[in-house]
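Visitor:
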Amino acid sequence: MNIGLESRKRLDREDWIRAALEVLVDQSVESVAVEPLARALKVSKGSFYWHFKDREDLLEAVIEYWRDNSTRNIIRYVETKGDSPAEKLHLLSKIAIDMSPGNPLARMEVAIRAWARRDPRVRAVLTECDRERISYLAQLFRECGLEADEAEARGALLFGFAVGERNIFREEARRAQRGRLDRLLELLIDEPVGQAAPKAGARKPAPPETAKAPKAAKAAETAKAAKAPPPRARAPRRAPSRKLPSAED
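Counting with the numbering used here, you get residues 579 to 827 for the letters of the sequence shown.
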């Protein structure tokens, strides 16, 4: 095991957390134990108990360390570097794609999600973390001018898409992944709510009022004709009487 830490008489709390995380990523949570960590760090177990009550205390610290570095620190960074909400969204997409499989944060994410499948406590923290991420995305979409429900839906869609890109297309060039994510962002930011973009060359449909007008007029005429009384039959026109000639004539 390569912890990558210099041998010292006294280690700080983060050194132990990072060492435990490396074991978690390379092996499993079951392999995280005090004695093997102490041997790898070349210190006594007393150093561990200076910072943690027990193994469970260390594991809780590992979860919080991951949560801070994978979510909260990234949000703080984006808030500092991005000017507009759209710019912050694009910056987040770049960070998500740049977390390639070999990236430490990406490896931590995979290990934490695998751990969460077996531990309800970790699963609860992971769920809260994902909600925190989606909530921040929704906040940025609201700042772009969307209503709350629509912003929440688009935030969840963007988050799910980014996770899928990292896991499904992990061997593909990051430029292609980033291009798809940027295209999705353009649609999510610019597309009006409930309206699909028209296809190239498609005829623009008439407004509902105009399209319905001829049918409505025809229906009105039919109804009027049905209610009208039937025409009265005309009496036959009598021919003018002619005076017959008398015998005297």
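No residue lacks a Cβ here, since even glycine has one placed at the ideal position from N, Cα and C.
So, at 6 Å on beta carbons, what are the nonlocal neighbours of L667 in its own chain, with the 5 sequence-adjacent residues on each side left out?
Guide: Same-chain partners within the cutoff: L718, L763.
Visitor: By the 10 Å Cβ neighbour count, where 16 or more other Cβ atoms means buried, how is A684 classified, buried or exposed?
Guide: Counting Cβ neighbours within 10 Å, A684 comes out buried, since at least 16 surround it.
Visitor: Take the Cβ of S561 as the centre, count every other Cβ of all protein chains shown within 10 Å, and call the residue buried at 16 or more, exposed below.
Guide: The question about residue 561 has no answer here: the residues shown for the chain are numbered 579 through 827.
Visitor: Below 8 Å, can you find three or more Cβ-Cβ pairs linking the stretch 594 to 612 to the stretch 653 to 660?
Guide: Counting Cβ pairs under 8 Å, fewer than three are found: no touch.
Visitor: State the Cα-Cα distance for the pair F739 and I690, rounded to the nearest angstrom.
Guide: One C-alpha to the other measures close to 19 Å.
Visitor: Confirm, please, whether the CB-CB distance from W693 to V829 is below 8 Å.
Guide: Here the chain covers residues 579 to 827 and nothing more, so residue 829 does not appear.
Visitor: Between the C-alpha atoms of R596 and V640, what's the straight-line distance to the nearest angstrom?
Guide: C-alpha separation (whole angstroms): 8 Å.
Visitor: Beta carbon of L637, beta carbon of W594: below 8 Å?
Guide: Taking 8 Å as the Cβ cut-off, L637 and W594 do not qualify as a contacting pair.
Visitor: Between A664 and C707, is the Cβ-Cβ spacing less than 8 Å?
Guide: Cβ distance not < 8 Å, so A664 and C707 don't count as in contact.
Visitor: By the three-class DSSP mapping on this structure, what secondary structure does L636 have?
Guide: Note: L636 maps to helix in three-state DSSP.
Visitor: Can you tell me the Cβ-Cβ gap for E743 and L759, rounded? I've got them flagged as a contact below 8 Å.
Guide: That pair is a contact at about 6 Å.
Visitor: Would you give the residue range spanned by the alpha helix (DSSP H) that F626 belongs to?
Guide: It spans 623 to 629 - the alpha helix (DSSP H) in which F626 sits, taken as one unbroken run.
Visitor: Just confirm the distance between the C-beta atoms of R591 and S625, as a whole number of angstroms; I'd bet it's less than 8 Å.
Guide: Going by Cβ atoms, the distance from R591 to S625 rounds to 10 Å, so no, they are not a contact pair.
Visitor: From the DSSP output, in three-state form, read off L724 for me.
Guide: It is coil, neither helix nor strand.
Visitor: Among Y655, R696, L704, D676, whose alpha-carbon lies nearest the alpha-carbon of E642?
Guide: Per the Cα distances, L704.
Visitor: Can you say whether Q755 is buried or exposed, counting buried as having 16 or more other CB atoms within 10 angstroms of its CB?
Guide: Per the 10 Å Cβ criterion, buried.
Visitor: Rounded to whole angstroms, how far is the Cβ of F737 from the Cβ of I712, which I believe are closer than 8 Å?
Guide: That belief holds up - the Cβ atoms of F737 and I712 are roughly 5 Å apart, short of 8 Å.
Visitor: Relative to the C-alpha of R633, which residue among T649, L615, R650 is closest?
Guide: If we check each option's Cα against that of R633, L615 comes out closest.
Visitor: Which term fits A598, buried or exposed, when burial requires 16 or more other beta carbons within 10 angstroms of its beta carbon?
Guide: So A598 ends up on the buried side.
Visitor: Do you know how far the Cα of T649 is from the Cα of V603?
Guide: Cα to Cα, V603 sits roughly 18 Å from T649.
Visitor: Given H629, which residues of its chain have a CB within under 7 Å of its CB, disregarding the five upstream and five downstream residues?
Guide: Excluding residues within five positions, the ones whose Cβ falls inside 7 Å are R591, W594.
Visitor: Hey, D676 and R617 are a contact pair by Cβ (cut 8 Å); roughly how many whole angstroms apart?
Guide: In fact, because the Cβ distance is near 35 Å, the residues do not count as touching under 8 Å.
Visitor: Roughly how many whole angstroms lie between the Cα atoms of I653 and N647?
Guide: Their backbone Cα atoms lie some 10 Å apart in a straight line.
Visitor: Helix, strand or coil for L589? Go by DSSP, reduced to three states.
Guide: DSSP places L589 in coil when its eight states are reduced to three.
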